[in-house]
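Enquirer: To start, I am sharing the structure in question, which I have written as structure tokens.
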Amino acid sequence: MRGTDIRTPVSTIYGDFTQKHAERWKLQVEALQKKFAGAIEEVRWPGTYPTEVPIIYVAKESIVDVLRELKEGADFQYDFLADITATDEEIEPRFEVVYNLSSFSSDSRIRVKARACDGEDVPTATSLWKGANWAEREVFDMFGVKFRGHPDLRRILMDERWQGYPLRKDYPLRGYQLFPDTQPIHTELLKD
Amino acid sequence: MSKDGSSSFLTTRLDAIVDWGRKNALWPLPFGTSCCGIEMMATFAADYDIGRFGAEALRFSPRQADLLIVAGIVNTKMAPVLKNIYDQMADPKWVISMGACASSGGIFNVYSVTQGIDTIIPVDVYVPGCPPAPEGVLHGLLRLQELIQKGETHHHRQERARRAAGKEA
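Residue numbers (our numbering), protein chains in the order written: chain W, 401 to 592; chain R, 0 to 168.
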């Protein structure tokens, strides 16, 4: 693949994924743009941008509505939340919360992003997918993005006494924090 | 025996016999956290058979073990747990740091990884490799036996310091 433009769609062992779903994505994005006219900020397509699936940028206040349409709408059926993650772009709006969705019925994938400034919170997706709970906790732990309405927004990977958010670009790579003892066990959380 | 009746000669010889017994009956506590743990299991299993060196009695309770084999990465959240386990082991106790991650943090020079377990607990033998082959672990074990017989482990140094302090007082 040496010398190939990074934006060129890549054939994988699964076949040319982007070509296979191009028509479907086009119709779906058009339908979304019609339904959520003000909320869709930008769409980045494979071929013009280094990605294998279209990336839909959504205003964060409408993110739950768009995700619900993508999950439950008859033409979409992206019923599986593969992951929630985030990126730190350093310039405001600083964070992009990334929702990777997958559809079992059409063997297709799509990516939704919501931009958020430092200190702003994003509506939680736990009402749509139970699995969003831990994924959002991880985003909070690593980036400090808060999710409004999340049932249990605590750190999930780092020690609860940890200062700062390690995957932010301004966090020092070797910002070690050693604790002399294990973090306390919250017995009230062990109950049902 | 000395002329004044103190038993220095006798105790030294007893130490040697005790050390000889201890070095040939190490009871390891396997603290395997990643791929080094797999190599450690291979070392314990039939092909390499660590029982040839008297260390086949694995104990998963720190109270019953005297050799802590830290095999694999110890991240910062795991560090206090490892310290706890080490503190719970009864004296005499020895530590083998197996592999690059346990010895120095390995390739993970980042916020989340302890840069060597010797920043938390004393280590007697480092086994290099990523991961070390079972032969390396056996070599480390033989080297530890050598150190125990010579009285050069952390436990012995601590013991000597304790006795010296007792004599002064």
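Backbone N, C-alpha and C fix where the C-beta goes; we use that ideal spot for every residue, glycine too.
1. Okay, do the region 80-87 of chain R and the region 133-149 of chain R touch, 3+ Cβ pairs below 8 Å being the bar?
2. DSSP state of W:K546, grouped into three classes?
3. Go ahead and label R:V94 buried or exposed: buried means 16 or more other beta carbons lie within 10 angstroms of its beta carbon, across all protein chains shown.
4. Taking Cβ positions, are R:T75 and R:V112 nearer each other than 8 Å?
5. Could you tell me how far apart the beta carbons of W:R594 and W:E538 are, in whole angstroms, since I believe they sit closer than 8 Å?
6. From R:L67, R:Q114 and R:A132, pick the residue whose C-alpha is nearest to that of R:V124; which is it?
7. Kindly give me the distance between the Cβ atoms of W:A525 and W:I585, rounded to whole angstroms, as I take these residues to be in contact under 8 Å.
8. Identify the contact partners of R:A78 in chain W, using a Cβ-Cβ distance below 7 Å as the criterion.
9. When you compare the CB of R:N23 with every CB in chain W, is at least one pair closer than 8 Å?
10. Using DSSP with H/G/I as helix, E/B as strand and the rest coil, what is W:A459?
11. Taking W:D559 as the query, report the chain R residues whose CB atoms sit under 9 Å from its CB, ordered along the chain.
12. Could you tell me if W:K460 is buried or exposed, where buried requires 16 or more neighbouring beta carbons within 10 angstroms of its beta carbon?
13. Tell me which residues of the region 86-114 of chain R have at least one Cβ-Cβ distance to chain W shorter than 9 Å, keeping chain order.
14. Applying the criterion that 16 or more other CB atoms from any shown protein chain within 10 Å of the CB defines a buried residue, is W:K420 buried or exposed?
15. For R:A164, which three-state DSSP category applies?
16. Alpha carbon to alpha carbon, how far is W:Q433 from W:D416?
17. Skipping 5 residues on each side, what residues in its chain have a beta carbon closer than 8 Å to that of W:N533?
18. Listing by chain order, which chain R residues have their CB less than 9 Å from the CB of W:T485?
19. If you follow the alpha helix (DSSP H) that R:M88 is in, where does it begin and where does it stop?
20. Anyone know if the C-beta pair for W:Q583 and W:Q563 falls short of 8 Å?
21. DSSP three-state label for R:D18, please.
22. Please give the ranges of any beta strand (DSSP E) in the region 489-541 of chain W, keeping only runs that are unbroken, at least 3 residues long and fully inside the region.
23. Does the distance from the C-beta atom of W:L427 to that of W:R468 stay below 8 Å?
24. Would you say W:D488 lies against chain R (beta-carbon separation less than 8 Å)?
25. Mind checking which residues open and close the beta strand (DSSP E) that includes W:V453?
26. Considering R:G128, what are the terminal residues of the alpha helix (DSSP H) in which it resides?
27. Let's see if you can read the secondary structure: which residues bound the beta strand (DSSP E) around R:M97?
28. Where does W:G440 fall in DSSP's three states?
29. Quick check on the DSSP output: the alpha helix (DSSP H) that includes R:A70 runs from which residue to which?
Expert: With the structure as the only source:
1. no
2. Stepping through the first sequence from its first residue, residue 546 of chain W is reached at position 146. Note: W:K546 maps to strand in three-state DSSP.
3. As a working mapping, residue 94 of chain R is identified with position 95 in the second sequence. Counting Cβ neighbours within 10 Å, R:V94 comes out buried, since at least 16 surround it.
4. Within the second sequence, residue 75 of chain R is the residue found at index 76, counting from 1. Within the second sequence, residue 112 of chain R is the residue found at index 113, counting from 1. Taking 8 Å as the Cβ cut-off, R:T75 and R:V112 qualify as a contacting pair.
5. As displayed, chain W neither begins before 401 nor continues past 592, which places residue 594 of chain W out of reach and without an answer.
6. Translated into the one-based positions of the second sequence, residue 124 of chain R becomes position 125. Comparing Cα positions, the closest option is R:L67.
7. As a first step, residue 525 of chain W must be located in the first sequence, where it is residue number 125. As a first step, residue 585 of chain W must be located in the first sequence, where it is residue number 185. Their Cβ separation, rounded to whole angstroms, is 29 Å, which puts W:A525 and W:I585 out of contact at 8 Å.
8. Mapped onto the second sequence, residue 78 of chain R falls at position 79. Per Cβ cutoff of 7 Å: L578.
9. On the second sequence, residue 23 of chain R is found 24 positions in, with the first residue counted as 1. Answer no: the Cβ-Cβ gap between R:N23 and chain W never drops below 8 Å.
10. Within the first sequence, residue 459 of chain W is the residue found at index 59, counting from 1. Residue state, collapsed to three classes: coil.
11. The sequence position of residue 559 of chain W within the first sequence is 159, counting from 1. Going along chain R in sequence order, the residues near W:D559 (Cβ under 9 Å) are T75, K76 and P79.
12. Working through the first sequence from its first residue, we reach residue 460 of chain W at position 60. Answer is buried; the Cβ neighbour count reaches 16.
13. For the region 86-114 of chain R, the set of residues with a beta-carbon nearer than 9 Å to any beta-carbon of chain W comprises N108, V109, Y110, S111, V112, T113 and Q114, in chain order.
14. Within the first sequence, residue 420 of chain W is the residue found at index 20, counting from 1. So W:K420 ends up on the exposed side.
15. Translated into positions along the second sequence, residue 164 of chain R becomes position 165. Three-state DSSP puts R:A164 in a helix.
16. As a first step, residue 433 of chain W must be located in the first sequence, where it is residue number 33. As a first step, residue 416 of chain W must be located in the first sequence, where it is residue number 16. Between W:Q433 and W:D416, the C-alpha separation is close to 26 Å.
17. Here the question's residue 533 of chain W lines up with position 133 in the first sequence. Result list for W:N533: T526, H550, P551 and D552, in chain order.
18. Within the first sequence, the letter at position 85 stands for residue 485 of chain W. The contacting residues do not exist; W:T485 stays about 17 Å from chain R at best.
19. Your numbering for residue 88 of chain R matches position 89 in the second sequence. R:M88 -> no alpha helix (DSSP H), and no H or E assigned at all.
20. Here residue 583 of chain W is taken as the residue at index 183 of the first sequence, counted from 1. Here residue 563 of chain W is taken as the residue at index 163 of the first sequence, counted from 1. Remark: C-beta atoms of W:Q583 and W:Q563 do not approach each other more closely than 8 Å.
21. Residue 18 of chain R sits at position 19 when you count from the first residue of the second sequence. R:D18 falls in the helix class under three-state DSSP.
22. 495-503, 508-516 and 521-523
23. Stepping through the first sequence from its first residue, residue 427 of chain W is reached at position 27. Stepping through the first sequence from its first residue, residue 468 of chain W is reached at position 68. No, the pair does not count as a contact, with Cβ atoms beyond the cut-off.
24. In the first sequence, counting from the first residue as 1, residue 488 of chain W sits at position 88. Cβ-Cβ to chain R under 8 Å: no for W:D488.
25. Residue mapping note: residue 453 of chain W aligns to position 53 of the first sequence, counting from 1. First-last for W:V453: undefined, no H or E at that position.
26. The residue you call residue 128 of chain R lines up with position 129 of the second sequence. Premise fails: R:G128 is in no alpha helix (DSSP H) and is neither H nor E.
27. Taking the first residue of the second sequence as position 1, residue 97 of chain R is located at position 98. W93 to M97 is the extent of the beta strand (DSSP E) around R:M97.
28. One-based indexing of the first sequence puts residue 440 of chain W at position 40. Gly is not the amino acid found at residue 440 of chain W; the sequence shown has Ile there. DSSP places W:I440 in strand when its eight states are reduced to three.
29. As a working note, residue 70 of chain R is residue 71 in the second sequence. Counting along the chain, R:A70 falls outside any alpha helix (DSSP H), though it belongs to the beta strand (DSSP E) covering L66 to A70.
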